[in-house]
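Student: Per the working numbering, residue 978 is the first one in the sequence shown, and the count goes up by one each step. Heads up, the beta-carbon is just placed ideally off N, CA and C, and yes, glycines get one too.
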Amino acid sequence: MGRMSEPNLPVEQPQGGTATIERTETRELVEPGDAERFAHYVRKEKILESAMTGDPVIALCGKVWVPGRDPNRFPVCPACKEIIDGVFGSDDGDGDS
978 MGRMSEPNLP
988 VEQPQGGTAT
998 IERTETRELV
1008 EPGDAERFAH
1018 YVRKEKILES
1028 AMTGDPVIAL
1038 CGKVWVPGRD
1048 PNRFPVCPAC
1058 KEIIDGVFGS
1068 DDGDGDS
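#1: Please work out which residues of its chain come closer than 7 Å, Cβ to Cβ, to glycine 1031, disregarding the five sequence neighbours upstream and downstream, and give them in chain order.
#2: With DSSP run on the structure shown, which of helix, strand or coil describes valine 1041?
#3: Is it buried or exposed, arginine 1004, if we count other Cβ atoms within 10 angstroms and call 16 or more buried?
#4: Does the beta-carbon distance from cysteine 1038 to alanine 1016 come in below 7 Å?
#5: Curious, which full-length alpha helix (DSSP H) runs of at least 4 residues does the stretch 1013–1064 contain?
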């Protein structure tokens, strides 16, 4: 069996030398509530485990969630920071050594 050829369709050519330029934009996805989100302290192995299983993690402050966003985009949770500072000492560089 032979291949049927497509009928000759008219091709419209742009008039006046105009061209379409495709512009690519990169936007960071911002979701409702992002302003209230914080980066929380969780043991690294728990985050890796969550990535493999999809199970939620528990932060030092008690927040339970499944990690999925870049924590560097958010400020550190004040409650988690207070707990870390209480256990390991403040890392503010204020000279209280």
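Tutor: The answer reads as follows:
#1: Val1043
#2: strand
#3: Note on arginine 1004: pLDDT 46, under 50, position unreliable in the model; the coordinate value appears next. Counting Cβ neighbours within 10 Å, arginine 1004 comes out exposed, since fewer than 16 surround it.
#4: no
#5: 1021–1030
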